[in-house]
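Residue numbers (the numbering used here), protein chains in the order written: chain A, 4 to 313; chain B, 81 to 332.
Below is one structure; the comments refer to it alone.
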């Protein structure tokens, strides 16, 4: 869906993006992860031609974007930025409807789509449709920012640190909502972040950048369990990357068929291993009974399996 | 929208417009009837009320002169402000700012004196002087208004696929409008006052009784002209205040 082929961008003498190649399949959620100045945002903005490359090619849906009208290209790519950038003189509904209005959808269809999206992001249309952005909290504003990016049903979402300016609780909530939206819509997402946990939580693929280059391009699990070099290892937290790994691994991966001992604390089969380990620590046990959604016992989870490397 | 019309601030704005217009009309209508009053105030004057032209004619001519200078001034000022805030015009910002600042540095009387040999006597030199003197606030406020727009809003707008013209028309100008209107308000207020000296070079304005009164030691004429200019300036200013209130209510 998105292909970068040896893309380079210089700002004066400084090389911001240095020979980056990247192939994103449709439906992938890709996080560009790295410190400030690594070239993540520049890479993202090359995709919707907010910045023009000095070398290399970028293809969206198999077509070189260099030959496309940037205005038409951008209307096909949802765009969410950290500072949100809602238009203060427009209502929430008008903001959400920005791209459909640019595409001259009929008014009835716009209204229907706007209400649908406001419900998707948890803002009741009758209460929020006519409000101004200034009347919303930061979290609500960024929800509207996401809805706006989704409005014309683009195949691709470009997100530049979308939750970076929010408080931790709101950020977590929006990350969960984003994961649900991605699961429901299967958009191809390219998201810039410097938050390792955010990348691991949301992305199906993590591209780690340093000094304008890609230093690792792998699944979250691979990045955490096999960092490509010392920089990545440090970025993901050294030995404490193990905690991050538990957070994205499922109880179902390690459950054994053996029946749990009597009185063993339970853990839902849908839980992640960090929750399971936390329960073992809290209860002072080395085994948990794994239970399915219907209450039946699926098996046993042992501490030794959680700790062991395979 | 329905809540906007019941906003008490709007009622005050519209009340101010109505009151100031009523005062202006009353002065125009009543001025010829005030001969006994001015005779009582200035018993030595033979003609206590200006009669060379009706106060209605003076007011309308005055307004026409102000409008004739303000319309091109607003168009050129806004266009210039837009131009120097575009990527193509950015390098001209300093030059244009200098030219307009010089325009405002020259006293209007000096501009009048310089313009007469070129365009002759009458309304033409007054138009030149008002235009040159008033363009700076419009230009400066247009630039300030356009530059005050949150960069994130512009980045998001561009990233969503606004054309440059669409972005200017639907986002930048509406958001900058209150600041631009404030500049126009300042310029027009200056123009209404400054237009009076147009009478020194033959333009018919509310300055005519003032100039004639000054040269003929007729304080009554000066008072009559000054009262009407003040009333006119206040009425126009109240109109702009109402426009400003409406724009700000819309932009919030």
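Yeah, the Cβ is synthetic: ideal placement off N, Cα and C, and Gly gets one too.
Buried or exposed (CB count within 10 angstroms, at least 16 for buried), residue i
i                      : result
residue 1 of chain A   : Residue 1 of chain A lies beyond the stretch modelled for chain A, which goes from 4 to 313, so this question has no answer here.
residue 264 of chain B : buried
residue 155 of chain B : exposed
residue 82 of chain B  : Note that residue 82 of chain B scores a pLDDT of 39, beneath 50, so its modelled location is shaky; the value from the coordinates is reported in the next line. Exposed, since its Cβ has fewer than 16 Cβ neighbours within 10 Å.
residue 170 of chain A : exposed
residue 85 of chain A  : buried
residue 101 of chain A : buried
residue 267 of chain B : buried
residue 86 of chain B  : In this prediction, residue 86 of chain B scores a pLDDT of 49, lower than 50, which makes its location untrustworthy; no coordinate-derived value is stated.
residue 252 of chain B : buried
residue 14 of chain A  : exposed
residue 170 of chain B : exposed
residue 81 of chain A  : buried
residue 164 of chain B : buried
residue 78 of chain A  : buried
residue 190 of chain A : buried
residue 237 of chain A : exposed
residue 121 of chain B : exposed
residue 157 of chain A : buried
residue 303 of chain A : buried
residue 182 of chain B : exposed
residue 285 of chain A : exposed
residue 235 of chain A : buried
Per-residue contacts from residue i into chain A (C-beta, under 8 Å)
i                      : result
residue 230 of chain B : 86, 88, 91
residue 233 of chain B : 88, 89, 90, 91
residue 254 of chain B : 92
Closer than 8 Å at the beta carbon, the chain B residues around residue i
i                      : result
residue 102 of chain A : 240, 241
Cβ-Cβ distance between residue i and residue j below 8 Å
i                      : j                      : result
residue 205 of chain B : residue 192 of chain B : yes
residue 258 of chain B : residue 327 of chain B : yes
residue 31 of chain B  : residue 145 of chain B : For residue 31 of chain B there is no data in the structure shown, the boundaries of chain B being 81 and 332.
residue 133 of chain A : residue 94 of chain A  : yes
residue 43 of chain A  : residue 195 of chain A : yes
residue 161 of chain A : residue 50 of chain A  : yes
residue 30 of chain A  : residue 89 of chain A  : no
residue 11 of chain A  : residue 67 of chain A  : no
residue 234 of chain B : residue 256 of chain B : no
residue 36 of chain A  : residue 233 of chain A : no
residue 305 of chain B : residue 270 of chain B : no
residue 383 of chain A : residue 128 of chain A : Past the edges of chain A, shown from 4 to 313, lies residue 383 of chain A, and the structure says nothing about it.
residue 125 of chain B : residue 300 of chain B : yes
residue 276 of chain B : residue 316 of chain B : no
residue 159 of chain A : residue 283 of chain A : no
residue 149 of chain B : residue 210 of chain B : yes
residue 269 of chain A : residue 294 of chain A : yes
residue 140 of chain B : residue 307 of chain B : no
residue 97 of chain B  : residue 322 of chain B : yes
residue 203 of chain B : residue 283 of chain B : yes
residue 146 of chain A : residue 126 of chain A : yes
residue 311 of chain B : residue 103 of chain B : yes
residue 121 of chain A : residue 131 of chain A : yes
residue 163 of chain A : residue 47 of chain A  : yes
Integer-rounded CB distance, given that residue j should sit under 8 Å from residue i
i                      : j                      : result
residue 216 of chain A : residue 59 of chain A  : Incorrect: roughly 13 Å between the Cβ atoms, too far for contact.
residue 262 of chain B : residue 324 of chain B : 7 Å
residue 27 of chain A  : residue 241 of chain B : The Cβ separation is near 21 Å, so there is no contact.
residue 128 of chain B : residue 142 of chain B : So it is not a contact: roughly 22 Å between Cβ atoms.
residue 311 of chain A : residue 289 of chain A : With a Cβ gap of about 13 Å, residue 311 of chain A and residue 289 of chain A do not count as contacting.
residue 211 of chain A : residue 226 of chain A : 7 Å
residue 34 of chain A  : residue 206 of chain A : 4 Å
residue 23 of chain B  : residue 158 of chain B : An answer regarding residue 23 of chain B cannot be provided, because it is not within the stretch 81 to 332 covered by chain B.
residue 92 of chain A  : residue 254 of chain B : 5 Å
residue 54 of chain A  : residue 7 of chain A   : Incorrect: roughly 13 Å between the Cβ atoms, too far for contact.
residue 249 of chain A : residue 267 of chain A : Contact flag wrong, Cβ pair sits at about 19 Å.
Amino acids of chain A, ordered along the chain, whose beta-carbon sits closer than 7 Å to that of residue i
i                      : result
residue 260 of chain B : Within chain A, no residue comes near residue 260 of chain B; the closest Cβ sits about 14 Å away, beyond 7 Å.
residue 248 of chain B : The premise fails here: residue 248 of chain B is roughly 13 Å from chain A at the closest Cβ pair, so nothing lies under 7 Å.
residue 188 of chain B : Simply none; closest approach about 37 Å.
residue 251 of chain B : 90
Residue i: contacting residues in chain A (beta-carbon distance under 9 Å)
i                      : result
residue 237 of chain B : 88, 90, 101
residue 330 of chain B : 92
task = Pull out every residue of the segment 71–90 of chain A whose Cβ sits closer than 9 Å to any Cβ of chain B, in chain order.
result = Legend: CB atoms of the segment 71–90 of chain A lying less than 9 Å from CB atoms of chain B belong to residues 73, 74, 75, 76, 77, 78, 79, 80, 81, 82, 83, 84, 85, 86, 87, 88, 89, 90.
Near-chain B residues of the segment 44–75 of chain A - C-beta to any C-beta below 9 Å = So the list reads 48, 51, 53, 73, 74, 75, given in the order they occur along the chain.
ask   = Which residues, in order along the segment 100–126 of chain A, keep a beta-carbon less than 8 Å from a beta-carbon of chain B?
value = Listed in sequence order: 101, 102, 105.
query = Can you list, in chain order, the residues of the segment 99–115 of chain B whose Cβ is nearer than 8 Å to any Cβ on chain A?
reply = Residues of the segment 99–115 of chain B with a C-beta atom less than 8 Å from some C-beta of chain A do not occur.
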